[in-house]
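Numbering (the numbering used here), first residue to last: 665 to 867.
We put the CB at the ideal spot given by N, CA and C, even for glycine.
Values in this document were obtained by computation on a predicted structure and should not be read as measured data.
First the structure, in the form of structure tokens, and then the observations on it.
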């Protein structure tokens with residue numbers, strides 16, 4: 665017949681296993697949500713604020729680089745970058761019509777944290793595609809599909825050069841983009857629809 669002390673000894677490993685599983689599960693939640701349990705939206709807001717503060721210190725007041733020409737358009741295949749808060753940043757995207765003012769990261773960064781340039785293998789050298797998330801810019805990015813034709817958009821590069829665009833079309837769609845806009849801004853919602861605005865370059 666088992667004594668009370670022997671039963672306790674048998675239960676101890678089981679208790680330790682349960683505690684271990686609980687600790688691992690909790691660690692997984694913290695890792696998934698980032699430091700202090702922050703979700704992507706909170707992390708993005710904090711990171712963007714820091715990057716914007718850093719950008720104001722490093723971007724000159726005017727452009728320093730003359731870009732080559734490709735079919736009458738500026739060659740944007742290789743843009744200057746600066747690493748801020750561990751993210752490679754190429755510039756700042758602004759659209760007064762919707763109150764959008766956000767940094768833009770280089771291709772390969774996470775658009776859930778910072779709006780990011782996307783480059784495909786067959787991308788034209790003059791074309792700019794920027795993917796963001798609806799909560800960025802204090803929620804202003806959620807309004808890209810409602811921008812009026814004729815709205816001004818500016819991309820200031822980290823060397824101080826500003827490229828100006830004007831909105832020509834916008835909408836919501838499924839599937840892949842098939843267009844030739846000089847600038848395409850978009851985000852993807854929770855059901856996979858893409859909310860977008862297409863722009864033509866002005867200068």
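Rounded separation between residue i and residue j - CA only
{"i": "residue 753", "j": "residue 830", "result": "23 Å"}
{"i": "residue 813", "j": "residue 761", "result": "11 Å"}
{"i": "residue 870", "j": "residue 717", "result": "Residue 870 is absent from the structure shown; the chain starts at 665 and stops at 867."}
{"i": "residue 847", "j": "residue 710", "result": "26 Å"}
{"i": "residue 763", "j": "residue 800", "result": "11 Å"}
{"i": "residue 723", "j": "residue 855", "result": "37 Å"}
{"i": "residue 841", "j": "residue 793", "result": "10 Å"}
{"i": "residue 843", "j": "residue 864", "result": "12 Å"}
{"i": "residue 748", "j": "residue 719", "result": "8 Å"}
{"i": "residue 746", "j": "residue 705", "result": "23 Å"}
{"i": "residue 759", "j": "residue 810", "result": "12 Å"}
Check whether residue i and residue j have beta carbons under 7 Å apart
{"i": "residue 808", "j": "residue 837", "result": "no"}
{"i": "residue 805", "j": "residue 851", "result": "yes"}
{"i": "residue 765", "j": "residue 781", "result": "no"}
{"i": "residue 757", "j": "residue 708", "result": "no"}
Environment of residue i [buried if 16+ CB atoms lie within 10 Å]
{"i": "residue 823", "result": "buried"}
{"i": "residue 817", "result": "buried"}
{"i": "residue 820", "result": "buried"}
{"i": "residue 839", "result": "exposed"}
{"i": "residue 815", "result": "buried"}
{"i": "residue 862", "result": "buried"}
{"i": "residue 694", "result": "With a pLDDT of 38 at residue 694, under the threshold of 50, the modelled position of that residue is not reliable, and the figure given next carries that caveat. Looking at its Cβ environment, which holds fewer than 16 other Cβ atoms inside 10 Å, residue 694 is exposed."}
Whole-Å CB distance - residue i paired with residue j, under 8 Å assumed
{"i": "residue 833", "j": "residue 867", "result": "That belief does not hold up - the Cβ atoms of residue 833 and residue 867 are roughly 20 Å apart, past 8 Å."}
{"i": "residue 755", "j": "residue 768", "result": "5 Å"}
{"i": "residue 775", "j": "residue 795", "result": "4 Å"}
- If you scan the region 779-854 from start to end, which runs of the beta strand (DSSP E) of 3 or more residues do you find wholly inside it? For the region 779-854, whole beta strand (DSSP E) runs of length 3 or above, ordered along the chain, are 792-796, 816-821, 826-837 and 847-852.
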